[in-house]
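Written below as structure tokens is the structure these notes are about.
Residue numbers (our numbering): 34 to 189.
As structure tokens, then:
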């Protein structure tokens, strides 16, 4: 905060739930902010498993980012109602990107090595009004944003 020269109005803290109750993670974030003497509003961002679970709902975006938008290979994506309960969404996403690229040899290795870049592109393409709205962690984020805005409005 010293680098900015002023206290920000809002600090968004990302912490994957990782099989811990999201309410416990939320309390962990707020406790940490109190201990760090953060006077800004703190907005917890808590995907139920990992952020990558949010990215597993858009097959078209995965195919596009993998460089094969017209591909036909079955990606074996989890259904919306199971995506937050699947183990290791990061690995599932990585595997889906490789399958979507439908590549072998050197190109396959390139796809595997570019996972971080592909994940970033998928996050940039995430439709905030699309399938992600079915997920409890996304709904909780929207609720937290709404509550933060309400408190700001009440203070003015």
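Here a beta-carbon is modelled for each residue, glycine too, at the ideal position from N, C-alpha and C. These figures come from a predicted structure and were not determined experimentally.
I'd like the list of long-range same chain contacts for residue i, defined as Cβ closer than 6 Å, with 5 residues on each side in sequence excluded.
i: residue 151; result: 98, 130
i: residue 58; result: 48, 50, 79
I'd like the span of the alpha helix (DSSP H) that includes residue i, first residue to last.
i: residue 96; result: 92 to 98
i: residue 199; result: Residue 199 is absent from the structure shown; the chain starts at 34 and stops at 189.
i: residue 59; result: 55 to 68
i: residue 151; result: 148 to 158
i: residue 176; result: 169 to 188
i: residue 120; result: Looking at the DSSP string, residue 120 is not in any alpha helix (DSSP H), and its letter there is neither H nor E.
i: residue 85; result: 85 to 88
The beta strand (DSSP E) with residue i in it runs from where to where?
i: residue 76; result: 74 to 78
Do residue j and residue i come within 8 Å of each other at the CB atom, strictly closer than that value?
i: residue 133; j: residue 159; result: no
i: residue 46; j: residue 75; result: yes
i: residue 20; j: residue 118; result: Because the chain is modelled from 34 through 189, residue 20 falls outside the range shown and cannot be assessed.
i: residue 102; j: residue 177; result: no
Measure from the alpha carbon of residue i to the alpha carbon of each residue in the options, then state which is nearest.
i: residue 154; options: 62, 164, 124, 91; result: 91
i: residue 163; options: 60, 87, 82; result: 87
i: residue 122; options: 62, 81, 175, 172; result: 81
i: residue 112; options: 66, 60, 125, 63; result: 125
Under the assumption that residue i contacts residue j (Cβ atoms under 8 Å), give the Cβ distance between them as a whole number of angstroms.
i: residue 43; j: residue 143; result: Not really, about 38 Å apart at Cβ, beyond 8 Å.
i: residue 136; j: residue 55; result: About 37 Å; that fails the 8 Å criterion.
Output needed for residue i: all residues of its chain with C-beta closer than 7 Å, excluding positions within five of it in sequence on either side, in chain order.
i: residue 72; result: 40
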